[in-house]
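**Q** Below you'll find the structure I mean.
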Amino acid sequence: MIEMRVFRWKRDQEPRYDHFLLPYGPRTTVLDLLEVIRVDHDPGLVYRHSCHHGACGTCAMRINGVERLACLTCVADLLKEESRVIVEPLNGFPLLGDLVVEMTPFNERLAAVGLPPLRRCELPGEPPEGGAVQLEDCIECGACVSACPVAVTDHHYLGPAALNAIWRAVEEPRGLDVEPLLDMADGEHGCWRCHAVFECSEVCPNQTGPAEAIMRLRQRLFIRRLRQLLRGGDGHGRA
Amino acid sequence: MGMDEGMGGTGPGRYARTDWGWLLQAATGLGLVVLGTVHLITQHFTARKLLDYAEVTAWLRQPWVLVVEILFLGTVVAHAVLGVRSILLDLGPSPAAEQRVTRLTLIAGVALVVYGVGLTALVVMR
Amino acid sequence: MVGRDPRPRWLQVGRAWLYPRGRRLGGWAFILNRLSGLVLTAYLLLHLTLLSTLAWSPAAYDWFIELMSSRLVLLFDLALAAVLIYHGLNGIRLTLVGLGVGVTRHKEIFWAAMLVGLLLLGYGGYRLWGGM
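Written out as structure tokens, the structure is:
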């Protein structure tokens with residue numbers, strides 16, 4: 001049996017942690033246990049879930065203080081480090097109830113930046129004509145934003161997910177005009193607000209490396225600014 | 240301001256102004272690695288004891304020492320003030336509050352440098 | 366927008382910036398950098414204030430220096446040196462990484478910086494203790 005503590009909150013109530021004692025097996029995930037709670041103990045528990053195999057990013061939440069996908073987090077693995085499981089919603093997003101957070105502003109921000117859907121990839125053997133492409137790795141789960149100490153307290157900050165998307169567009173424009181995106185990243189709420197904590201890259205379920213992207217963006221923008229200063233261009237990278 | 244508003248507005252117009260804070264912070268930091276080392280070595284490690292009044296005065300009356308110490312003062316105050324500003328900006332203030340933070344920290348920085356230069360002038364010219 | 370966070374704002378900020386649970390190396394380095402920066406800023410203000418004894422009289426300043434030469438104060442000096450060395454060396458790491466240099470090796474750079482810091486602190490301790 002495992003002791004599970006789940007953050008609970010509904011409007012007009014005080015937040016609290018509910019305790020459950022639940023059976024588990026070697027392959028039981030945190031999402032499995034949440035479903036057991038909802039079916040057998042408290043149908044009022046709200047949480048998001050969809051694909052159950054780490055491809056949609058819907059079930060991102062904080063488990064024992066770390067942002068993870070609940071469908072991929074094995075309870076047996078957690079017990080190697082701690083004796084119980086604590087489940088909380090993502091930080092930095094408005095709470096709707098229990099483990100569900102408001103994702104609309106996050107999605108709108110990614111839409112404004114333009115989430116590039118394709119990227120180059122390496123395949124073993126002879127590459128096909130024109131190179132190989134894959135679907136973008138970022139599943140927009142929001143774990144990176146929750147792990148970022150700046151994004152959680154400063155809601156103007158673009159955040160690791162959006163900045164990662166900007167960098168990917170800059171890296172592979174595919175016909176896109178990247179100057180407005182570089183201006184966005186260079187702005188007062190852009191990549192310069194990052195404090196190099198690197199927690200975003202640590203928690204990303206697909207290792208998309210948002211922190212590394214931010215640092216590379218900075219290098220690009222630093223060189224752009226130097227060129228502007230030397231050439232006396234306008235503030236937008238155009239001479 | 241608070242979590243009720245969620246994430247701020249999106250769109251390129253909102254992000255038009257560039258930010259020099261981080262670059263200045265890095266530049267002053269690197270400057271301090273040099274100037275701070277010089278200051279620590281000359282003020283604390285050259286003699287077998289801390290410098291007394293006479294030694295400090297004699298030291299500061301040398302022109303290159305005066306220049307380096309004032310440069311050091313300016314750089315360390317700038318770095319500290321930028322740091323405090325950065326922490327305050329992490330709280331996500333509104334654009335108006337953000338301008339106030341920048342203005343106040345700038346004033347505090349200038350005041351500290353004026354005080355330090357004034358004190359130095361007093362000691363050197365006595 | 367209907368969601369909100371039921372926790373008070375100061376708790377949100379405190380947890381976001383200082384809560385150690387689940388943090389990895391980068392997160393710890395950040396907390397220590399922020400705290401050391403605040404300590405050093407407080408020290409800067411204290412130092413500038415105490416130096417005003419220079420304006421009172423030579424006797425006042427010399428008395429102050431005598432006070433600052435005690436073994437206890439030298440111990441504080443060493444602690445302050447440790448804070449300064451950490452902040453400076455981690456700051457160099459942040460500058461390098463922050464401009465895209467060594468981005469994938471930021472942890473190794475951190476430990477290399479701490480090793481240098483330990484050596485510097487050891488030397489500083491030797492000079493402070495033995496020399497004074």
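Residue numbers (my numbering), protein chains in the order written: chain A, 1 to 239; chain B, 240 to 365; chain C, 366 to 497. Cβ atoms here follow ideal geometry from the backbone N, Cα and C, with glycine treated the same way.
Along chain B, in chain order, which residues have C-beta atoms closer than 7 Å to that of Trp167 (chain A)?
**A** Ordered by position in chain B, no residue passes the 7 Å Cβ test against Trp167 (chain A), which lies about 15 Å from the chain.
**Q** Give, in chain order, every residue of the stretch 152-163 of chain A whose Cβ lies closer than 8 Å to some Cβ of chain B.
**A** The stretch 152-163 of chain A vs chain B, Cβ under 8 Å: Thr153, Asp154, His155, His156, Tyr157, Leu158 and Gly159.
**Q** Please compile the residues from chain C whose C-beta is within a distance smaller than 8 Å of the C-beta of Asp258 (chain B).
**A** Residues of chain C passing the Cβ test: none, with the nearest at roughly 13 Å.
**Q** Can you pull the chain A residues whose beta carbon is under 7 Å from the beta carbon of Thr406 (chain C), in chain order?
**A** Within 7 Å Cβ-Cβ: nothing; Thr406 (chain C) doesn't reach chain A, min ~16 Å.
**Q** Kindly identify the DSSP beta-bridge partner or partners of Cys51 (chain A).
**A** Paired residues: none, contrary to the question.
**Q** Do the CB positions of Ala70 (chain A) and Val6 (chain A) come within less than 7 Å of each other?
**A** Contact flag unset, no.
**Q** Is it buried or exposed for Ser201 (chain A), if we count other Cβ within 10 angstroms and need 16 for buried?
**A** Its Cβ being crowded by 16 or more others within 10 Å, Ser201 (chain A) is buried.
**Q** Hey, how far is the Cα of Pro371 (chain C) from the Cα of His49 (chain A)?
**A** Approximately 23 Å, taken between the alpha carbons.
**Q** I think Tyr47 (chain A) touches Asp98 (chain A), with their Cβ atoms under 8 Å apart; what is that distance to the nearest whole Å?
**A** About 6 Å separates the two Cβ atoms, so the contact holds.
**Q** For the stretch 335-359 of chain B, list every residue whose C-beta sits within 8 Å of some C-beta in chain C, in sequence order.
**A** The residues in question are Leu351, Tyr354, Gly355 and Leu358.
**Q** Could you tell me whether the stretch 387-397 of chain C touches the stretch 338-345 of chain B, where touching means 3 or more Cβ pairs closer than 8 Å?
**A** Contact fails: fewer than three Cβ-Cβ distances are below 8 Å.
**Q** Between the Cα of Glu294 (chain B) and those of C:Leu415, C:Trp421, C:Tyr426 and C:Ser417, spot the shortest distance and give me the residue it belongs to.
**A** When each option's Cα is compared against that of Glu294 (chain B), the closest is C:Tyr426.
**Q** With distances taken Cα to Cα, identify the nearest neighbour of Trp261 (chain B) among B:Trp303, B:His283, B:Gln301 and B:Leu321.
**A** Per the Cα distances, B:Leu321.
**Q** Tell me the rounded alpha-carbon separation between Arg388 (chain C) and Met61 (chain A).
**A** Taking the straight line joining both Cα atoms gives about 15 Å.
**Q** Would the beta-carbon of Val462 (chain C) fall within 7 Å of that of His471 (chain C)?
**A** It is a contact, given that the beta carbons lie within the stated cut-off.
**Q** How about Gly270 (chain B): is its C-beta nearer than 7 Å to some C-beta of chain C?
**A** Output row for Gly270 (chain B): interface = no.
**Q** Label Met1 (chain A) either buried or exposed according to how many other C-beta atoms from any shown protein chain fall within 10 Å of its C-beta, with 16 as the threshold for buried.
**A** Its Cβ having fewer than 16 others within 10 Å, Met1 (chain A) is exposed.
**Q** Name the two residues that bound the continuous alpha helix (DSSP H) containing Cys144 (chain A).
**A** Per DSSP, Cys144 (chain A) belongs to the alpha helix (DSSP H) from Ala143 to Ala147.
**Q** If you measure between the beta carbons of Ala347 (chain B) and Thr267 (chain B), is that distance less than 7 Å?
**A** Taking 7 Å as the Cβ cut-off, Ala347 (chain B) and Thr267 (chain B) do not qualify as a contacting pair.
**Q** Is it buried or exposed for Thr414 (chain C), if we count other Cβ within 10 angstroms and need 16 for buried?
**A** Exposed, since its Cβ has fewer than 16 Cβ neighbours within 10 Å.
**Q** Within a Cβ cutoff of 8 Å, which residues of the same chain sit near Gly114 (chain A), ignoring the five residues on either side of it in sequence?
**A** Around Gly114 (chain A): Ala165, Ala169, Leu176 and Leu181.
**Q** Would Ala478 (chain C) and Arg458 (chain C) qualify as a contact pair, given that the criterion is a beta-carbon distance under 7 Å?
**A** Against a cut-off of 7 Å, the Cβ pair of Arg458 (chain C) and Ala478 (chain C) comes out as a contact.
**Q** Between the stretch 303-328 of chain B and chain A, which residues of the former have a C-beta closer than 9 Å to a C-beta of the latter?
**A** For the stretch 303-328 of chain B, which is checked against every Cβ of chain A, the residues closer than 9 Å are Ser325 and Leu328.
**Q** Find the residues of chain B that neighbour Ala420 (chain C), judging by a C-beta separation of less than 8 Å, and give them in chain order.
**A** In chain order: Leu358, Leu361 and Val362.
**Q** When you compare the CB of Ser434 (chain C) with every CB in chain B, is at least one pair closer than 7 Å?
**A** Taking Cβ atoms only, chain B reaches closer than 7 Å to Ser434 (chain C), which makes this a yes.
**Q** State the beta-bridge partners of Gln134 (chain A) as determined by DSSP.
**A** According to DSSP, Gln134 (chain A) bridges with A:Arg119.
**Q** When the Cα of Glu136 (chain A) is compared with those of A:Arg225, A:Gly209, A:Leu221 and A:His41, which residue comes out closest?
**A** Looking at the Cα atoms, A:Gly209 is the closest of the given residues.
**Q** Using 8 Å as the Cβ pair cut-off and three pairs as the minimum, do the stretch 183-192 of chain A and the stretch 135-152 of chain A touch?
**A** The answer is no - the stretch 135-152 of chain A does not touch the stretch 183-192 of chain A, with fewer than three Cβ pairs under 8 Å.
**Q** Scan the stretch 196-214 of chain A for residues whose Cβ lies nearer than 7 Å to a Cβ of chain C and list them as they occur along the chain.
**A** Against chain C - using a Cβ distance shorter than 7 Å - the residues of the stretch 196-214 of chain A are Ala196, Val197, Phe198, Glu199, Glu202 and Glu212.
**Q** Can you tell me the Cα-Cα spacing of His195 (chain A) and Pro423 (chain C), whole angstroms?
**A** For His195 (chain A) and Pro423 (chain C), the distance between alpha carbons rounds to 44 Å.
**Q** With distances taken between CB atoms, is the gap from Leu21 (chain A) to Glu35 (chain A) smaller than 7 Å?
**A** In this structure, Glu35 (chain A) does not lie closer than 7 Å to Leu21 (chain A) by Cβ.
**Q** Buried or exposed for Val75 (chain A), please, with buried defined as at least 16 other CB atoms from any protein chain shown within 10 angstroms of its CB.
**A** When all chains shown are included, Val75 (chain A) counts as buried.
**Q** Alpha carbon to alpha carbon, how far is Glu212 (chain A) from Thr469 (chain C)?
**A** Approximately 7 Å, taken between the alpha carbons.
**Q** Just to make sure I have the definition right: I need the residues of chain C whose C-beta is within less than 7 Å of the C-beta of Val66 (chain A). Which are they?
**A** Going along chain C in sequence order, the residues near Val66 (chain A) (Cβ under 7 Å) are Gly387.
**Q** Sorted by chain position, which residues of the same chain lie with C-beta nearer than 8 Å to Arg399 (chain C)'s C-beta, five sequence neighbours on each side aside?
**A** Same-chain partners within the cutoff: Trp382.
**Q** So Glu67 (chain A) and Leu90 (chain A) are in contact, right, with Cβ under 8 Å, and what is the actual spacing, rounded?
**A** At roughly 7 Å, the Cβ-Cβ gap stays under 8 Å, so Glu67 (chain A) and Leu90 (chain A) are in contact.
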